[in-house]
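Structure, as structure tokens:
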Amino acid sequence: MTSSSAPAGAHAALPNQEPVVRMQGVTKRIGKRTIIDNLTLDVPPGEVFGFLGPNGSGKTTTIRMMVGLMKLSQGEILIRNHSISRDYEKAIRHVGAIVENPEMYKYLTGYQNLLHFARMIPGITRQRIDEVVQLVGLNARIHDKVKTYSLGMRQRLGVAQAIMHKPSLLILDEPTNGLDPAGIRELRDYLRLLAIEEGITVFVSSHLLSEMELMCDRVAIIQSGKLIDVRPMRQQQMETDLSKVFFEVDQPQTALEVLEGTGAALEGNHVVFLGNRENIAACNAQLVQAGIKVYGIRQQIKTLEDQFLEVTGGERIV
Amino acid sequence: MFDFLQLVNNENMKIYRRVRTWIMLGILLVLTLSISLLTYIYSGNISPSMWDLMQIQSVMSIMLVTVFTVVIAAETVAGEFSTGTIKLLMIRPWSRSKILLSKYVSLLLFGLFFMAVIFVWTIVTNMLFFGYDASPIMGSDMSQLTYWLLNYGAEFITMIVIVTLAFLISTVFRSGGLAIGLSLFILLGGSIVTGIIRMLDYAWVDYLLFANLSLSEYILGDASSITGKPLGFTLGVLAGYYVLFIAITWTVFNRRDIAS
Ligand SMILES: Nc1ncnc2c1ncn2[C@@H]1O[C@H](COP(=O)(O)OP(=O)(O)OP(=O)(O)O)[C@@H](O)[C@H]1O
Ligand SMILES: [Mg+2]
Chain A
1 MTSSSAPAGA HAALPNQEPV VRMQGVTKRI GKRTIIDNLT LDVPPGEVFG
51 FLGPNGSGKT TTIRMMVGLM KLSQGEILIR NHSISRDYEK AIRHVGAIVE
101 NPEMYKYLTG YQNLLHFARM IPGITRQRID EVVQLVGLNA RIHDKVKTYS
151 LGMRQRLGVA QAIMHKPSLL ILDEPTNGLD PAGIRELRDY LRLLAIEEGI
201 TVFVSSHLLS EMELMCDRVA IIQSGKLIDV RPMRQQQMET DLSKVFFEVD
251 QPQTALEVLE GTGAALEGNH VVFLGNRENI AACNAQLVQA GIKVYGIRQQ
301 IKTLEDQFLE VTGGERIV
Chain B
1001 MFDFLQLVNN ENMKIYRRVR TWIMLGILLV LTLSISLLTY IYSGNISPSM
1051 WDLMQIQSVM SIMLVTVFTV VIAAETVAGE FSTGTIKLLM IRPWSRSKIL
1101 LSKYVSLLLF GLFFMAVIFV WTIVTNMLFF GYDASPIMGS DMSQLTYWLL
1151 NYGAEFITMI VIVTLAFLIS TVFRSGGLAI GLSLFILLGG SIVTGIIRML
1201 DYAWVDYLLF ANLSLSEYIL GDASSITGKP LGFTLGVLAG YYVLFIAITW
1251 TVFNRRDIAS
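Here it is, written out as structure tokens:
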């Protein structure tokens, strides 16, 4: 596996390159059904690691096993070299997590909820709680009962609870669920910040493919409980990489004639051809010289969504 | 150890930060007080002793304390499952056993707290209404205070067994309703069922949980009116059930996958 060239890839320089999470042959059977099938996966430190899969593919089940809520039928999960099955307390100590929805005690205030979880881990001061509240932007409502919170506010409280003890591994199951665009953006930026500044490894599952693309260094794709692929994200587009290019022009037919020989074609009102960066510049120059007005140039980069649909064959729910 | 107390602290917070808990206490206090008050108003020329009302008030309030503690027991584990908070609770550097123990401890503390409050409240209010009466209980030289202290103690032991059963059902079936229903059935309907089964005159009837719940009989007597057995026998049977309940509860809780 190549190391990612994303910003967080700077952590490739960290001396400790040991994976934060090691899953080896992880299998979960419930009754006769095999829900997770022989999953082997390493999560490198300091990365935002995406866990992507269609509904019912086993993301939540895998996360439940990672945090010890479910026992493994087979295999082993090591977190910072501690077995989650045999050495639970040590393994979980450096983990912060939200599993599915961030369910809190509704009859307690947000602050009391945080206090509750803070008491379970030594070393969390009141000051740290205040800091985290500030960080997730809940100051104004933290002393209100959680039952008066919106879904997004509960999500924020969930994040606060998960990062309060400065975990070295943060596991989030669909954390953007219920957040508004600003909230999603904030969370995304914050997760990247955690990874870059504090070296926290973030393991995040999501349905939102575009989301993963924006925040992950690496993505594992799972389908029907099987690991299909692990690929680095945010690859720089290579000079020679070909991509589909759309030209928006005033006279498409004339433009097509000008670009004869480049394999250009018409797609709707756009002139489309396959080329690299240099080709784009050259074509543009040709068009302008021929007196054609170029209103826009758009490059279609294969999104994770396309890749995802490609590997999973477009199949959604299994 | 200090850290474990923090867990108990958490469970306490989840009990006492709910309005429900204080309504329960309010009901208890108002109910016993109103019995004393009504008696005081309508007793006319006869002046009752402060101990006269103890029997009816204690039976009623101990029953209510048991019901309330059963409700808390039913809620403490099943409630975490039904709201999903169990997931956030369990993913901490604590073994499942200890988390469960902290719940159990807070539960017993709740029962003890309510028992103690109602004991003091009943005696103090009756004393204020009817004046202090130092005479011993009838047919014995035991003081009334000692008798009632022993009575509450005996009833507390019975309550622990019932509440532990409710805790078991709450944990094993994750259903608060079932936990409340079943354990209260054993408490309330138990003596009726035992009466019926006793007519069959089988020896094993004496080992039923139902048949061994009236410990307070032993304060003045040597044998149970239901089984005819001595105190040691009844305590032995209760201990047996208790150990069984605890073993099942902890084993199931430790093994079970949490997938709510
Ligand atoms: N307790 C359970 N008993 C039986 N089957 C289960 C149980 N929990 C999950 N499953 C099954 O396991 C599969 C994976 O479920 P899981 O919740 O892990 O999927 P997911 O990837 O998180 O899906 P989503 O994107 O919808 O959250 C599903 O087919 C589901 O039906
Ligand atoms: Mg899920």
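So the sequence lines, in the order shown, correspond to chains A and B.
Our numbering numbers the first residue of the first sequence as 1 and each following residue consecutively.
Our numbering numbers the first residue of the second sequence as 1001 and each following residue consecutively.
A virtual CB, placed ideally from N, CA and C, is assigned to each residue, including glycine.
- In the DSSP assignment, residue 27 of chain A is bridged to A/74.
- Contact note: residue 160 of chain A does not reach chain B at a C-beta cutoff of 7 Å; the least C-beta distance is about 12 Å.
- The C-alpha of residue 181 of chain A lies about 10 Å from the C-alpha of residue 187 of chain A.
- Legend: CB atoms of the stretch 1089 to 1121 of chain B lying less than 7 Å from CB atoms of chain A belong to residues 1090, 1091, 1092, 1093, 1094 and 1095.
- Residues of chain B with a Cβ closer than 7 Å to the Cβ of residue 74 of chain A do not exist; the shortest Cβ-Cβ separation is about 15 Å.
- When rounded, the separation of the alpha-carbon atoms in residue 1160 of chain B and residue 1108 of chain B is 7 Å.
- Contact of residue 1072 of chain B with chain A is not assigned, every C-beta pair being separated by 8 Å or more.
- Contact annotation: the stretch 168 to 181 of chain A touches the stretch 201 to 211 of chain A, with at least three C-beta pairs closer than 8 Å.
- Any heavy atom of ligand 1 within less than 5 Å of a residue's beta carbon puts that residue on the list, which reads A/30, A/35, A/55, A/56, A/57, A/58, A/59, A/60, A/61 and B/1259.
- Within chain A, the residues 116, 119 and 120 have their CB atoms less than 8 Å from the CB of residue 1010 of chain B, given in chain order.
- Remark: the C-beta of residue 173 of chain A is in contact range of ligand 2, defined as less than 7 Å to any heavy atom.
- Rounded to whole angstroms, residue 61 of chain A and residue 80 of chain A show a C-alpha spacing of 20 Å.
- In the structure shown, the three-state DSSP call for residue 95 of chain A is strand.
- Across the stretch 1216 to 1227 of chain B, no CB contact with chain A closer than 9 Å is found for any residue.
- The beta carbon of residue 1122 of chain B lies closer than 6 Å to those of 1032 and 1057 in the same chain, with the five residues before and after it left out.
- Under the 8 Å criterion on CB atoms, residue 1083 of chain B is classed as interfacial with respect to chain A.
- When only Cα atoms are considered, residue 1049 of chain B and residue 1068 of chain B end up about 29 Å apart.
- The Cβ of residue 177 of chain A sits no closer than 8 Å to any Cβ of chain B.
- Residue burial annotation: residue 1222 of chain B is exposed, with fewer than 16 other C-beta atoms found within 10 angstroms of its C-beta.
- Counting along the chain, residue 276 of chain A sits inside no beta strand (DSSP E), nor does DSSP assign it H or E at all.
- Taking 8 Å as the cut-off, the beta carbon of residue 1086 of chain B is found no closer than this to the beta carbon of residue 1248 of chain B.
- According to DSSP, residue pairing for residue 1179 of chain B in a beta bridge does not occur.
- One Cα belongs to residue 247 of chain A, the other to residue 262 of chain A, and the distance between them is close to 13 Å.
- Residue 1026 of chain B and residue 35 of chain A have their alpha carbons spaced roughly 50 Å apart.
- Note on geometry: alpha-carbon atoms of residue 277 of chain A and residue 159 of chain A lie some 41 Å from one another.
- Taking 8 Å as the threshold, the shortest C-beta distance from residue 1174 of chain B to chain A does not fall below it.
- Beta-bridge partners assigned by DSSP to residue 42 of chain A: A/22.
- Per the coordinates, the alpha-carbon of residue 1228 of chain B lies some 27 Å from the alpha-carbon of residue 1145 of chain B.
- For residue 200 of chain A, no CB of chain B lies under 8 Å from its own CB, so it is not counted at the interface with that chain.
- Within the same chain, Cβ atoms closer than 7 Å to the Cβ of residue 1210 of chain B are found at 1186, 1190, 1191, 1193 and 1194, the five residues on either side in sequence being excluded.
- Counted as a single uninterrupted DSSP element, the alpha helix (DSSP H) harbouring residue 256 of chain A occupies residues 252 to 258.
- With its beta carbon at least 8 Å from every one in chain A, residue 1057 of chain B lies outside the interface.
- Sequence-ordered contacts of the stretch 1024 to 1054 of chain B with chain A are nonexistent [C-beta pairs closer than 8 Å].
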